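Residue numbers (our numbering): 63 to 355.
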């Protein structure tokens, strides 16, 4: 991973260059918004249950709640520039944030590299990266201007595909659900019930269940299982813990639910996954794909 700039106080934008592993690594989330631009190579980009074939020039929209991961084709590894920024950069222009606050199951995160809008965004991302490298006078303002340009292009691209009224509703719901997602990410290893989240939101269990499904595109239990299975995959890849230890440290209370969930989500048993990973894992140039920024 080549980091050109990380998000810091007073610096509105960060950029990294990343070559994903050919092994399908654990899904992750960010606290920032993100735009990915494929420079070269091929592979796949996963958003929840969605899967996109990647080619050079493709642009991907990543919000701060949808779990995702990119994977390289082992025969033609992909390389990306990822731009990430906090929503406060453009929050005064709420309509520019609409492409990032979407209903996950309905949204197409990919902007094909064959489209003019993707080519324009790609050019801006390259210029933005150069601006960060050179750090000339008032470059912070220039970075903001590039983000504005990209978001305007995205808003115009999606204006006929997204219901503005629907997305403004999702926008407000994201803000409402945000603290609950933070709580989930911090406490998924503990026994959790939807009633706990409902109490924190001040809503009924039924309304909380509906809200979660509406915003995240999947139910609370499904989301929680993915959090725990992703943690298990990370522990299997990066530690010497036994499978039984991984089971309990990732939040499962007994073996059978752990094995069943792992098999369903990953497509193989925990033992097979660890063995396959040891045989084929190639190091990603992004040192830790599950980091938060």
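For each residue, glycine too, the CB sits at the ideal point set by N, CA and C. It should be emphasised that the depicted structure is a prediction, and the values quoted were computed from it without experimental measurement.
{"Query": "Cβ contact (3+ pairs, closer than 8 Å) linking the region 327-339 and the region 283-302", "Result": "yes"}
{"Query": "Classification of residue 294 by the beta-carbon crowding that lies within 10 angstroms, buried from 16 upward", "Result": "buried"}
{"Query": "Contact set for residue 97: own chain, Cβ-Cβ below 6 Å, skip 5 residues either direction", "Result": "145"}
{"Query": "Assigned secondary structure, residue 193 (DSSP; H/G/I helix, E/B strand, else coil)", "Result": "helix"}
{"Query": "Beta carbon of residue 239 nearer than 9 Å to that of residue 273", "Result": "yes"}
{"Query": "Cα-Cα separation between residue 263 and residue 178, rounded to whole angstroms", "Result": "43 Å"}
{"Query": "Whether residue 120 touches residue 180 by CB criterion (9 Å)", "Result": "yes"}
{"Query": "Exposure of residue 142, with buried meaning 16 or more beta-carbon neighbours within 10 Å", "Result": "buried"}
{"Query": "Spatially closest choice to residue 166 from 276, 99 and 207, by CA coordinates", "Result": "276"}
{"Query": "Under 9 Å between C-beta atoms of residue 223 and residue 170", "Result": "yes"}
{"Query": "Backbone secondary structure at residue 112 - three-state DSSP", "Result": "strand"}
{"Query": "CA nearest to the CA of residue 193, picked from 221, 255, 168 and 76", "Result": "76"}
{"Query": "Local conformation of residue 92 per DSSP, three classes", "Result": "coil"}
{"Query": "Burial state of residue 350 (16 or more Cβ within 10 Å)", "Result": "Only weak support exists for where residue 350 lies, its pLDDT of 34 falling under 50; the value from the coordinates is given anyway. Residue 350 comes out exposed."}
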